[in-house]
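Each residue of the sequence shown is one higher than the one before, starting from 669 at the first, in the numbering used here.
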Amino acid sequence: MPCLLKIKVIRARSLPVMDRQSSKADAYVEIRFANQYPLRTSIARRTLDPVWNENFRLEINDDAYLQNEPLEFRLLDYDSITANDLIGSVYIDLNSLLADEFEIDQEYSHGSSKRESLHTGDDSDDECPGPA
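Following this line, the structure appears as structure tokens:
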């Protein structure tokens, strides 16, 4: 059964310095799911505490993918001349979408402390299914 996954990328905090010249980072988030084309936030330039507040909608043709494929968030530093640098990534197991409500608040470290959080509640309009 098709469904719609709503995603909101809010912010990142205390990123490591990625650009030596500015002592900052030009961060953006890439969202990947299954074999779909990746979604991307805008680039938050010259900051170690980027704020995006961007909403995304991911149409999923078969909700069985929720059980088999993780949602990946990749935090990258944009570079205009060289390849973009990976700052960090997190995989979200979407099996928990089959529950009424869930919240993920994860901290991890990669040179400095970063915090990732994801919260969803009961906002229905053709969204992915909850329990029957």
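The beta-carbon is built from N, C-alpha and C at its ideal position, and this holds for glycine as well.
Beta-carbon contacts of residue i that lie in its chain and below 6 angstroms, excluding the five residues immediately before and after
{"i": "Arg742", "result": "Glu698 and Ser757"}
{"i": "Asn729", "result": "Pro670"}
C-beta contact flag for residue i and residue j at 8 angstroms
{"i": "Val685", "j": "Glu722", "result": "no"}
{"i": "Phe701", "j": "Glu737", "result": "yes"}
Residue i versus residue j: straight-line alpha-carbon distance, rounded
{"i": "Tyr634", "j": "Gln689", "result": "The structure shown does not extend to residue 634, since the chain spans only 669 to 800, so no value can be given for it."}
{"i": "Glu740", "j": "Asp694", "result": "20 angstroms"}
{"i": "Arg708", "j": "Asp753", "result": "15 angstroms"}
{"i": "Asp747", "j": "Leu673", "result": "30 angstroms"}
{"i": "Gln801", "j": "Ser764", "result": "Not covered by the structure: residue 801. The range shown for the chain is 669 to 800."}
{"i": "Thr715", "j": "Ile675", "result": "23 angstroms"}
Residue i at chain B interface by Cβ criterion, 8 angstroms
{"i": "Phe724", "result": "The chain labelled as chain B is not found in the depicted structure, where only one protein chain is given."}
Residues near residue i in its chain [Cβ-Cβ closer than 8 angstroms; skip 5 each side]
{"i": "Val719", "result": "Ile678, Arg679 and Ala712"}
{"i": "Leu744", "result": "Ala695, Tyr696, Val697, Glu698, Asn752, Asp753, Leu754 and Ile755"}
Residue i - partner residues in DSSP beta bridges
{"i": "Gln683", "result": "Before going further, note that residue 683 is Leu rather than Gln in the sequence given. DSSP output for Leu683 lists no bridge partner at all."}
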